[in-house]
Amino acid sequence: MLEKQDLLLVDISNSHTKMIKSSYSSLCGEVFSLPTNDLDLETLNLVPLEIQKEETIIVFSSVVPEKNKFIEDYFGIHRVLRVSTNLNLGFNIEYPQPESIGADRIANVVAAIHLTEAPVVVVDFGTAVTFDVITKENKYIGGVISPGLSAMADYMADRTALLPKIDLNEPLSVIGKSTKEAMLSGAVIGYRGLVKGILLSIFDELGEANIPVIATGGYSKLISSNIEEIVEVNEKLTLEGLRIIAALNTQDDN
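Heads up: take any position in the sequence shown, counting from 1, add 1042, and you land on my numbering.
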């Protein structure tokens, strides 16, 4: 019989892997994070989450295919649920190749429609920034993918002789008084313009003016702070989605 905290949620992104214990009703405790490149047998054996119990159900989303079999082999495929569009997700998919939708995007949408209601747009600030759209009919119809903020900032430094790498935070002013200040302003304020422009274009295409937008991901707080269209920032949105997917697909086994 499943116990109160018999879920382990694992979100494998391009840069980091996040894990947290969970019940069907809520996340439990702190998130454990490590670089995805370091996700191996030795590292998992050191994870302080008491994940060795045979009764634990592992629910994971992954955008790094080579890690999928590792997770299934490590925990045992009989207790692993990998997120895909073949599961009960609580919404309909109107998309030509649903299997190509990233598992993290699926989890984000599941969380968004359960924590708020459709229509809704989810913006995930990861290595790439993704926009996912659910209509008022509760249909997933697609989205937008753009380069991530960090990737764009690093690209300038990597592709030029004199521009340095910068730490991303709130610029003191739009007009920079040094190269780094000017780069920071261009990165952060310019990126807000990109995000806002995409959101307004989505609203225009849907013919809807007041669709709630939920943001998540590494730079969600920084970028969302001056975009009025974004009404909520939830840094655990993907993990919440994994929890809800577990409830939709395994709770009847109780």
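Quick reminder that beta carbons are idealized off the backbone N, C-alpha and C, glycines included. Only a predicted model underlies this, so the values are computations on that prediction, with no experimental measurement involved.
Local Cβ density within 10 Å of residue i, reported as buried at 16 or more and exposed below that
i: SER1267; result: exposed
i: THR1221; result: exposed
i: GLU1271; result: buried
i: ILE1119; result: exposed
i: LEU1241; result: buried
Coil, strand or helix - residue i by DSSP
i: TYR1261; result: coil
i: ALA1203; result: coil
i: ASN1296; result: Summary for ASN1296: the model assigns pLDDT 46, below 50, so the residue's position carries little reliability, and this model does not support an answer.
i: PRO1077; result: strand
i: ALA1251; result: coil
i: VAL1089; result: coil
i: LEU1044; result: With a pLDDT of only 43 at LEU1044, under 50, the local geometry of the prediction cannot be trusted, and no value is derived from it.
i: ASN1134; result: strand
i: THR1127; result: coil
i: ASP1082; result: coil
i: GLU1114; result: helix
i: THR1172; result: strand
i: LEU1236; result: helix
i: SER1215; result: coil
Cut-off 8 Å between Cβ atoms - residues of its own chain near residue i, not counting five sequence neighbours on either side
i: TYR1026; result: Since the first residue of the chain shown is 1043 and the last is 1296, residue 1026 is not available in this structure.
i: ALA1251; result: PHE1245
i: ILE1135; result: THR1127, ILE1143, LYS1181 and TYR1182
i: PHE1074; result: LYS1060, MET1061, ILE1062, VAL1089, PRO1090 and LEU1091
Alpha carbon of residue i to alpha carbon of residue j, nearest angstrom
i: LEU1123; j: LYS1219; result: 52 Å
i: GLU1223; j: ILE1217; result: 8 Å
i: LYS1278; j: THR1258; result: 7 Å
i: LEU1050; j: THR1202; result: 43 Å
i: MET1198; j: SER1104; result: 29 Å
i: ALA1289; j: SER1227; result: 43 Å
i: LYS1109; j: GLY1168; result: 18 Å
i: ASP1080; j: LYS1060; result: 12 Å
i: LEU1236; j: LEU1076; result: 29 Å
i: GLY1260; j: THR1078; result: 15 Å
i: GLU1154; j: THR1280; result: Reading the sequence as shown, one finds Ala at residue 1154 and not Glu. Each residue's Cα considered, the two are about 9 Å apart.
i: ILE1265; j: PHE1112; result: 34 Å
i: LEU1131; j: PRO1138; result: 17 Å
i: LEU1069; j: LEU1204; result: 45 Å
Proximity of residue i and residue j at Cβ, strictly below 7 Å
i: ALA1145; j: LEU1284; result: no
i: THR1292; j: ILE1099; result: yes
i: PRO1254; j: VAL1164; result: no
i: PRO1206; j: VAL1230; result: no
i: THR1177; j: GLY1185; result: no
i: VAL1152; j: ILE1286; result: yes
i: VAL1052; j: PHE1133; result: no
i: ILE1208; j: ALA1195; result: yes
Cut-off 7 Å between Cβ atoms - residues of its own chain near residue i, not counting five sequence neighbours on either side
i: PRO1140; result: THR1127
i: PRO1189; result: ALA1170
Proximal residues to residue i (C-beta, below 6 Å), its chain only, five neighbours per side dropped
i: LYS1238; result: ILE1269
i: GLY1071; result: LYS1063
i: TYR1066; result: ALA1289 and GLN1293
i: GLU1282; result: ALA1153
Neighbour flag for residue i against chain D, beta carbons, 7 Å
i: ILE1113; result: The chain inventory of the structure shown lacks chain D, comprising one protein chain alone.
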